[in-house]
Every structure is written in C-alpha cells, then in structure tokens.
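Asks: Have a look at the structure that comes next, please.
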Amino acid sequence: MLEAKSLDRPDETRNFNNGELAMVKLAGVSVGRATMQPGWKWSEDVKPLAGTDSCQESHQLYVLAGRMHVAMDDGTEGEAGAGDSVVISPGHDAWVVGDEPFVAIDWAAADTYAKPAG
1 MLEAKSLDRP
11 DETRNFNNGE
21 LAMVKLAGVS
31 VGRATMQPGW
41 KWSEDVKPLA
51 GTDSCQESHQ
61 LYVLAGRMHV
71 AMDDGTEGEA
81 GAGDSVVISP
91 GHDAWVVGDE
101 PFVAIDWAAA
111 DTYAKPAG
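What follows is the structure, encoded as structure tokens:
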C-alpha cells in the first residue's frame with residue numbers, strides 16, 4: 001500500500017487563538033502540522049478548549065521553524081527549535097519564544113489536539 005496526502009490540503013484544520021493545526025489521516029496514523037504564532041501560550045490559547053490544567057497530550061514532534069519553551073508539571077523545563085526531534089509527555093505548558101512562528105510536525109497528538117473537551 002502507498003498513501004500520500006499533503007498537509008497543504010489537509011483533511012481537517014483546527015484553528016485556535018494564535019495558531020492552527022492542519023491534519024491528514026492516513027492508514028493507521030494521523031499527521032499534523034502545528035503552527036503557533038508569536039505570543040501563543042498553551043495555558044492561554046488552548047487550555048479553554050482542552051478543559052485541563054495542563055496539556056495532557058503526548059507529542060512526538062519534528063520542528064520545522066521557530067522555537068518553543070516547554071514547562072513540565074514536575075518543574076522540568078526545556079526548549080526545542082528548528083531541526084529538533086522532540087518527545088513531550090503529558091502534563092505540560094508551552095509557549096512560543098521570540099518573534100518567529102513555531103511550526104512542527106506531530107505524529108502522536110494530531111488526532112486529538114485542540115479538540116474541544118466534551
């Protein structure tokens with residue numbers, strides 16, 4: 001089997017304050033391209049949709065552009081930028097660092113990220 005879809009023509013686009021997620025569904029996997037604008041912060045822009053105190057998604061990312069700071073619920077903090085492959089466990093806040101949009105491909109959370117709770 002061979003299946004190919006372009007994130008430039010997504011199956012679904014989820015818009016949220018200061019960002020969006022473009023997603024394609026392929027056999028057995030959903031892939032998303034998350035774009036967060038400068039000023040985006042999960043606890044301000046996505047938390048109202050998620051209905052949780054911190055992001056409870058598990059992310060597997062490849063960062064295409066920009067920089068993001070991540071603060072885990074346990075106090076651990078770090079940053080990821082263009083060219084980095086990143087795994088982020090559930091229980092975190094995150095925000096864009098600097099004046100460049102953060103753009104990443106996510107294989108783990110695309111199906112459920114930024115869907116309204118309920």
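Taking UniProt numbering, the leading residue of the sequence shown gets 1, the next gets one more, and so forth.
Every residue, glycine too, gets a C-beta built ideally from N, C-alpha and C.
1) Give me the residue from M36, V97 and S85 with the minimum Cα distance to A108.
2) Within its chain, find whatever has a CB closer than 7 Å to the CB of K25; leave out the 5 residues flanking it on each side and keep chain order.
3) Using the DSSP secondary-structure output, state which residues sit across from Q37 in a beta bridge.
4) Quick check: the Cα distance between A94 and A71, rounded to an integer number of angstroms?
5) Quick check: the Cα distance between K115 and K47, rounded to an integer number of angstroms?
6) Keeping to the same chain, check which residues put their C-beta closer than 7 Å to that of E20; ignore five residues upstream and five downstream.
7) Out of A82, G39, V31 and G32, which one is the CA nearest neighbour of N17?
8) Tell me the rounded alpha-carbon separation between L7 and D74.
9) Extract the residue ranges of the beta strand (DSSP E) inside the segment 29 to 116, only unbroken runs of 3 or more that lie entirely within it.
Replies: Let me lay it out:
1) Along the sequence shown, one-based indexing puts residue 108 at 108. When only C-alpha atoms are compared, the closest one is S85.
2) As a first step, residue 25 must be located in the sequence shown, where it is residue number 25. Cβ within range, chain order: D11.
3) Residue numbering aside, residue 37 sits at position 37 when the sequence shown is read from its first letter. DSSP lists no partner for Q37.
4) Here residue 94 corresponds to residue number 94 of the sequence shown, with the count starting at 1. Here residue 71 corresponds to residue number 71 of the sequence shown, with the count starting at 1. When rounded, the distance between both Cα atoms is 6 Å.
5) Within the sequence shown, the letter at position 115 stands for residue 115. Within the sequence shown, the letter at position 47 stands for residue 47. Rounded to whole angstroms, K115 to K47 spans 10 Å at the Cα level.
6) Against the sequence shown, residue 20 aligns to sequence position 20. Within the same chain, E20 has close Cβ partners T13, R14 and T35.
7) Within the sequence shown, numbered from 1, the residue matching residue 17 stands at position 17. Ranking the options by Cα distance to N17, first place goes to G39.
8) Working through the sequence shown from its first residue, we reach residue 7 at position 7. Working through the sequence shown from its first residue, we reach residue 74 at position 74. In a straight line, the C-alpha of L7 is about 34 Å away from that of D74.
9) 29 to 36, 59 to 65, 67 to 72, 77 to 81, 85 to 88, 92 to 96 and 102 to 106
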